[in-house]
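In what follows, a single structure is set out as structure tokens and then discussed.
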Amino acid sequence: MTGLSDIPIVVNYAEDNEAEVEITENVRALLTQISSMLSALINDDMVDSIDLHSLPLLPGEHDAIHTILGQGEVNASFDSLGSTTIYETALAGVWWVTHNNENDDCIAETIEITTIPAILESQHDDIENAHTALQEQLKEWNETT
Amino acid sequence: MSEEKTLAKLMQDQGVTRRGFLKFCSGLATMMALPASMAPTIAEALENAKRPSVIWLSFQECTGCTESLTRSHSPTLENLIFDVISLDYHHTLQAAAGSAAEDSRLQAMKDHHGKYLLVVDGSIPTKDDGVYSTIAGISNLDMLKETAEGAAAIISVGTCAAYGGLPYADPNPTGAASVSSIIRDKPIINIPGCPPIPVVITGVLAHFLTFGKIPELDSIGRPLSFYGDSIHDRCYRRPFYDQGKFAKTFDDEGARKGWCLYELGCKGPVTHNACATEKWNQGTSFPIQSGHGCIGCSEPGFWDAGGLYQPVTASPTNISDYVAPALVAGAAAGIAAGLANRIKKASAEKKHQKVTNDDLQT
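If you read the sequences in order, they're chains L and H. Plus 778 on top of the position in the first sequence (first one is 1) and you've got the numbering used here. Counting from 1, position 101 in the second sequence corresponds to residue 99 in the numbering used here; the numbering is continuous, with no gaps.
The structure is reproduced here in structure tokens:
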């Protein structure tokens, strides 16, 4: 056995997967905060984020937030020190970011309020390294032809 | 040695891109209970951070604290040792044994005098000149004093090192004492818990690496970012407490409905720790979520504080402070909360604390 996921637990889902999502006070408060952050993004270009890991959510509330925010048009993923998945929720400007480590354990899960999560942008250092590598490759090819 | 390289350079040499480094910093922010928006600040701080040398001493203990550390998943133990710290001495984890092991401790003390971090788990027996626990013929008491002399700071991991723990329990036959009762001239961070949450141990180490200083502490030496609130403050069952819904036995209707365990002896109202948010087993659950009350293991003298299943006799000091807001939680989630949230988040960021739904609802 290598992890919790290997424990043979059978999960019986409710028959009606479209059952209404319960809007608890925690869910309402979180959505209120997202609304407030969106307002700041619109009016002041203020980028912000919520660390889901830090919230004492009731069982089911995480899934409820996930369901309410829904899925938007953009999906992205990259693999560096483990996988990272990023998607824009059905609310434009609200992104769901999940970082996993090399063992595929979640190390950070955030809701980011931004036009695009900064970690998706090409990083200056990486661009410089790529440029250097390309120059060296061209030089090598030029010398051999 | 590799600790001469900065963390950023070390990771670059391992083929980690800048994007990967930023991701690493996002994980660190979560680990250190800092707002996710601080990831770029952490990255900037880590540009010049060098892995600190760490000497870990295990005294009168059960090895549960080290067991907890090995369950760290963010970062993993391997990441911690190879990327975050240079673990130069640890009985259980090091390959060297006997005189070679002791030599490595002395060498690290010499090479990094005044700069190394000393981590201690276990209490220190002081009765009869500390004869009840020795390593390599040296009493724990003498080894602590000798190793603490050149340390930049000391981290007391576990309730035993922090406050005496189980060995300190009445009648304390070995004269067990905490680190802070013996060492008076060094900054000491207490990370109590029996054992402490893995991510809290690694989070404090990461904080020292990132900012080069110890985090803000409460009145008994615990990092506020992890121990600033009681379990009760952060418990997902708190709404039931507010509504007066309590489980009376472990198998009654209230227990099945997940009501508050206060009357079954839960020590959450008087216990400060991060179990309710950080949780255990890779964030899976914590005792209250599993149906058992908190036993208060991160508080001084918890073992002598009465029966585990007796309700705490003293009421939480500020019950009225949070009962009232709970009753109007619906209204608190209104438009006016928006601006308040912003202020509180900024305030928490300044204090390096997390913002929770409790903050948002009040």
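We put the CB at the ideal spot given by N, CA and C, even for glycine.
Following the DSSP letters along the chain, one finds S814 (chain L) inside the alpha helix (DSSP H) bounded by residues 803 to 822. Residue pairing by DSSP places A204 (chain H) in no beta bridge whatsoever.
In the structure shown, H840 (chain L) adopts helical secondary structure according to DSSP, grouped into three states.
Taking 7 Å as the cut-off, the Cβ atoms of P895 (chain L) and W874 (chain L) do not count as close. Put simply, the CB of A47 (chain H) is far from chain L, with every gap to its CB atoms at 7 Å or more. For S84 (chain H), the enclosing beta strand (DSSP E) starts and ends at 84 to 88. Around the beta carbon of L91 (chain H), fewer than 16 other beta carbons sit within 10 angstroms, so the residue counts as exposed. DSSP, reduced to helix, strand and coil, places P285 (chain H) within a helical segment of the structure shown. Assigned with DSSP and collapsed to three states, A37 (chain H) falls in helix. By alpha-carbon distance to M36 (chain H), the top candidate from L:L819, L:I828, L:E839, L:I864 is L:I828.
Around the beta-carbon of N77 (chain H), 16 or more other beta-carbon atoms lie within 10 Å, marking it buried. In summary, the residues of the region 889 to 920 of chain L whose CB is separated from some CB of chain H by less than 7 Å are I897, Q901, D903, D904, in the order they occur in the chain. Taking a beta-carbon distance threshold of 7 Å, S861 (chain L) does not count as an interface residue toward chain H.
The alpha carbon of T893 (chain L) has as its nearest neighbour, out of L:E866, L:I885, L:L830, the alpha carbon of L:E866. Distance from the Cα of I152 (chain H) is smallest, within the candidate group H:D240, H:S178, H:V82, for H:S178.
With a beta-carbon spacing of about 3 Å, G291 (chain H) and C264 (chain H) fall inside the 8 Å limit used to define contacts.
Contact between G252 (chain H) and F244 (chain H) is confirmed by a C-beta separation of about 6 Å, below the 8 Å threshold.
Look at the region 820 to 854 of chain L: the residues with a C-beta under 7 Å from a C-beta of chain H are D826, S827, D829, H831, S832, L833, P834, L835, L836.
Of all residues in the region 33 to 57 of chain H, the ones placed with a Cβ closer than 7 Å to any Cβ belonging to chain L are P33, A34, S35, in chain order. Of the candidates H:E214, H:P165, H:D168, H:C192, the residue whose Cα lies closest to the Cα of I186 (chain H) is H:E214. S296 (chain H) places its beta carbon less than 7 Å from that of G191 (chain H).
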